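For the sequence shown, the working numbering begins at 36 and goes up steadily by one.
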Amino acid sequence: NTLRDLANCLGENRRIVLARELTKLHEEFWRGTIGDAIAHFTQLEPKGEFTLIIGGASQQKPMLSKAELEAQLTEIMAQGVSRSQASRQLAKLTQLPRRQLYQLALTIPSSVFPVKDQD
């Protein structure tokens with residue numbers, strides 16, 4: 036089923052429009068999420084020609100909590116990476132300001148990573 040394939044690839048929360056019988060007398064539009072579409076069209080047999088319009092991916096990345104950021108910094112530093120480098124690496128991954136991550140890295144005790152930090 037096309038909708039289930041879309042849900043597997045894009046997630047059930049992606050916005051979608053299903054347009055039925057475009058340019059014809061009985062054209063219809065259904066709007067919602069992929070998950071809602073699956074539920075709707077499981078109960079109501081789709082008939083006719085459909086065009087799918089799929090919403091783009093969200094621009095926002097999920098916000099990580101302070102604890103999650105600390106855990107990621109700790110994991111990177113445990114591999115022998117300095118606070119400064121760990122902050123740079125995580126900034127590239129999360130799109131957060133490097134300085135903000137460096138300030139957070141300074142709160143992590145040096146005992147959690149093996150290399151003597153020169154930052």
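Backbone N, C-alpha and C fix where the C-beta goes; we use that ideal spot for every residue, glycine too.
Source: prediction; values computed, not measured.
For this session: Give me the Cα-Cα distance between Leu131 and Leu125, rounded to the nearest whole angstrom.
Result: Roughly 8 Å separates the two Cα atoms.
Problem set entry | Residue(s) in a DSSP beta bridge with Thr129 | BP columns for Thr129 are empty, so no partner.
For this session: Would you check if the segment 131 to 143 and the segment 99 to 108 touch, i.e. whether three or more CB-CB distances between them fall below 8 Å?
Result: The count of Cβ pairs closer than 8 Å, one atom from the segment 99 to 108 and one from the segment 131 to 143, reaches three, so the stretches are in contact.
Exercise. Less than 9 Å separating the beta-carbons of Ala54 and Phe85?
Worked result: Yes; because the gap between Cβ atoms is below 9 Å, this pair is in contact.
Exercise. Between Leu104 and Leu136, is the Cβ-Cβ spacing less than 9 Å?
Worked result: The answer is yes: Cβ separation under 9 Å.
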